[in-house]
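In the numbering used here, the protein residues as written are 156 to 485.
All C-beta atoms in this analysis are idealised placements derived from N, C-alpha and C, irrespective of residue type, glycine included.
Just below is one structure, and these are the notes that go with it.
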Ligand code: 5GP
Ligand code: MN
């Protein structure tokens with residue numbers, strides 16, 4: 156963010172405003188951590204703040220401070236439309252294209268509010284007046300930390316904000332192991348722990364709340380659903396709706412499964428396909444130089460980061476796999 160933008164937004168936020176924070180479809184730890192981290196900062200500045208998500212998210216994120224005030228657009232469209240239409244400024248966090256928030260994007264697009272993108276994904280669209288964008292940031296939570304510091308308010312980072320921001324940094328870095336983890340990541344994490352982030356407890360809340368169904372689904376994926384294509388250095392999982400039902404699937408139950416495919420020696424490209432809401436949701440992960448953002452954009456109407464991206468397919472599950480294998484050979 157340029158210096159003139161910083162002072163402009165600082166001046167704008169110097170008086171109480173109506174603020175809406177939106178984040179991407181199927182919010183993850185970084186999406187909810189950054190949204191509620193920013194929320195817990197802005198309410199201290201006496202703004203009226205509402206977080207709106209396009210749809211629901213995993214229960215292991217419900218403990219985040221401020222979660223009880225979040226409006227889910229899919230469940231409560233009319234109050235969500237009202238706050239979006241009446242907002243002075245809308246923060247768009249952890250995404251950079253209005254199509255990532257589905258029909259909520261139409262409401263955000265037509266709202267007269269000023270837009271501010273804070274994001275770390277590749278190829279941002281140009282729909283916002285303000286943008287704090289850095290593809291080198293490990294997470295949007297890191298950028299929220301930077302944003303609060305840019306506003307000169309580092310001292311306002313309290314335990315609630317720290318717990319939110321630590322969550323997104325931890326989840327988006329795969330617990331500090333992905334290449335996006337650098338000295339700054341650890342410095343911020345250390346600062347957050349110093350002001351009260353409960354690091355061990357957060358890890359426990361996010362990763363140790365497994366249900367029996369979730370673990371059995373993971374076991375089933377590993378034992379029955381893994382396909383390894385050695386010739387392409389690729390491995391993938393595909394799950395049908397019936398299989399999800401069999402394991403009483405709940406939101407978040409397949410999160411992270413794709414990483415097991417990437418952990419196989421000699422595999423540098425991993426994919427996960429799952430039937431959801433009449434479409435196929437795809438997840439892609441890579442190691443090294445293979446850019447899955449470009450792959451997801453080109454073939455699966457998606458996007459993301461160079462080594463972690465996602466998309467959709469309107470074909471059947473079987474047809475999607477056939478398409479995937481056929482483009483691999485290209
Ligand atoms: P995941 O596979 O965990 O759903 O997503 C991996 C990364 O890609 C995340 O940063 C996520 O925000 C992004 N992503 C997932 N699905 C899509 C999509 O359909 N479109 C775009 N542009 N990004 C996506
Ligand atoms: Mn993120």
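> How far does the alpha helix (DSSP H) with residue 323 in it reach, from first residue to last?
Replying inline: One-based indexing of the chain shown puts residue 323 at position 168. Taken as a continuous stretch (DSSP letters only), the alpha helix (DSSP H) holding residue 323 covers 314-327.
> Apart from the five residues just before and just after residue 421, which ones in its own chain have a Cβ nearer than 8 Å to its Cβ?
Replying inline: Within the chain shown, residue 421 is the residue found at index 266, counting from 1. Same-chain partners within the cutoff: 385 and 388.
> Would residue 204 pass as a contact of residue 194 if the rule is Cβ separation under 8 Å?
Replying inline: Taking the chain shown and counting its residues from 1, one reaches residue 204 at position 49. Taking the chain shown and counting its residues from 1, one reaches residue 194 at position 39. Yes; because the gap between Cβ atoms is below 8 Å, this pair is in contact.
> Alpha carbon to alpha carbon, what distance is there between residue 280 and residue 252?
Replying inline: Counting from 1 along the chain shown, the entry for residue 252 is found at position 97. Counting from 1 along the chain shown, the entry for residue 280 is found at position 125. Their Cα atoms are separated by approximately 5 Å.
>> Can you tell me whether residue 482 is buried or exposed? The criterion is at least 16 other CB atoms within 10 Å of its CB, across all chains shown.
In response: Mapped onto the chain shown, residue 482 falls at position 327. Looking at its Cβ environment, which holds fewer than 16 other Cβ atoms inside 10 Å, residue 482 is exposed.
> Would you call residue 182 buried or exposed, if buried means 16 or more other Cβ atoms sit within 10 Å of its Cβ?
Replying inline: Translated into the one-based positions of the chain shown, residue 182 becomes position 27. Burial call: buried.
>> Tell me which residue opens and which closes the beta strand (DSSP E) that residue 350 is part of.
In response: On the chain shown, position 195 is the one that residue 350 refers to. In the DSSP assignment, residue 350 falls outside any beta strand (DSSP E), carrying neither H nor E.
> So what does DSSP say about residue 332, is it helix, strand or coil?
Replying inline: Within the chain shown, residue 332 is the residue found at index 177, counting from 1. Correct three-state label for residue 332: coil.
> So, is residue 477 buried or exposed, given that buried needs 16 or more other C-beta atoms within 10 angstroms?
Replying inline: Along the chain shown, one-based indexing puts residue 477 at 322. So residue 477 counts as exposed.
>> Going by C-alpha to C-alpha distance, which of 190, 293, 207 and 224 sits closest to residue 463?
In response: Indexing the chain shown from 1 puts residue 463 at position 308. The shortest C-alpha separation from residue 463 is found at 293.
> Cα-Cα, which of 458, 435 and 457 is closest to residue 474?
Replying inline: Within the chain shown, residue 474 is the residue found at index 319, counting from 1. The option with the nearest alpha carbon to residue 474 is 435.
> Nearest-angstrom Cα distance between residue 432 and residue 334?
Replying inline: Position 277 of the chain shown, counting from 1, holds the residue named residue 432. Position 179 of the chain shown, counting from 1, holds the residue named residue 334. Cα-Cα distance, rounded: 33 Å.
> Going by Cα to Cα distance, which pick from 406, 427 and 189 is closest to residue 394?
Replying inline: Translated into the one-based positions of the chain shown, residue 394 becomes position 239. The shortest C-alpha separation from residue 394 is found at 427.
> When we look at the beta-carbon of residue 468 and count the other beta-carbons within 10 Å, is it buried (16 or more) or exposed?
Replying inline: To locate residue 468, count along the chain shown from 1; it is residue 313. Around the CB of residue 468, 16 or more other CB atoms lie within 10 Å, so the residue is classed as buried.
> Can you list, in chain order, the residues of its chain whose CB lies under 6 Å from that of residue 323, leaving out five sequence neighbours each side?
Replying inline: Along the chain shown, read from residue 1 onward, the residue named residue 323 stands at position 168. In chain order, 184, 185, 188, 189, 294 and 296 place their CB closer than 6 Å to the CB of residue 323, counting only its own chain and leaving out the 5 sequence neighbours on each side.
> Can residue 239 and residue 161 be called in contact, C-beta distance under 8 Å?
Replying inline: On the chain shown, residue 239 is found 84 positions in, with the first residue counted as 1. On the chain shown, residue 161 is found 6 positions in, with the first residue counted as 1. Result no, Cβ atoms of residue 239 and residue 161 do not sit closer than 8 Å.
> On the three-state DSSP scale, how would you describe residue 288?
Replying inline: Numbered from its first residue, the chain shown carries residue 288 at position 133. Strand, per DSSP.
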